[in-house]
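Visitor: Sequential numbering from 1 applies to the sequence shown in our numbering. Sharing a structure below in structure tokens format, with a few things to ask.
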Amino acid sequence: MTALLIRAEREADRTAIAAVHEAAFGRPAEARLVDALRNAGKATVSLVAVVDAGVVGHVLFSPVTIEGLG
């Protein structure tokens, strides 16, 4: 049985993370958004799912503000 590992993103994962997003969404826009959030220092939590040393999933949390409620 192959184990799934969840761990913090590493700089070396960035190309694989972009590939995961492009495969999931069928375009590069979401991968560019992840890069922009990371480069702006807005990535609060960024985790990867790894199977057999390959990145197979990614999640990134960043702050958000919702205006106009109330």
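All C-beta atoms, glycine included, are put in the ideal place defined by N, C-alpha and C. Keep in mind the model is a prediction, meaning the values are calculated, not measured.
Apart from the five residues on each side of it in sequence, which residues of its chain come closer than 7 Å, Cβ to Cβ, to Ile-6?
Guide: Walking along the sequence shown from the start, residue 6 turns up at place 6. Taken in chain order, the residues that qualify are Leu-47 and Ala-49.
Visitor: For a quick check, are the C-beta atoms of Asp-13 and Val-55 less than 9 Å apart?
Guide: Taking the first residue of the sequence shown as 1, we reach residue 13 at position 13. Taking the first residue of the sequence shown as 1, we reach residue 55 at position 55. A contact, by the Cβ cut-off of 9 Å.
Visitor: Return the chain-ordered list of same chain residues with a C-beta closer than 7 Å to the C-beta of Phe-61, the five sequence neighbours on each side being excluded.
Guide: Within the sequence shown, the letter at position 61 stands for residue 61. Excluding sequence neighbours, Phe-61 sits near Thr-44 and Val-45.
Visitor: Please name the residue, chosen from Ile-66, Glu-30, Asp-35 and Met-1, that lies closest to Glu-11 on a Cα-to-Cα basis.
Guide: Counting from one through the sequence shown, the residue named residue 11 turns up at place 11. With distances taken between Cα atoms, Glu-11 lies closest to Asp-35.
Visitor: Taking just the CA atoms, how far does His-58 sit from Gly-41?
Guide: Translated into positions along the sequence shown, residue 41 becomes position 41. Translated into positions along the sequence shown, residue 58 becomes position 58. The alpha-carbon atoms of Gly-41 and His-58 are separated by roughly 17 Å.
Visitor: What is the DSSP secondary structure of Ile-6, counted as helix, strand or coil?
Guide: Residue numbering aside, residue 6 sits at position 6 when the sequence shown is read from its first letter. Of the three classes helix, strand and coil, the one that applies to Ile-6 here is strand, per DSSP.
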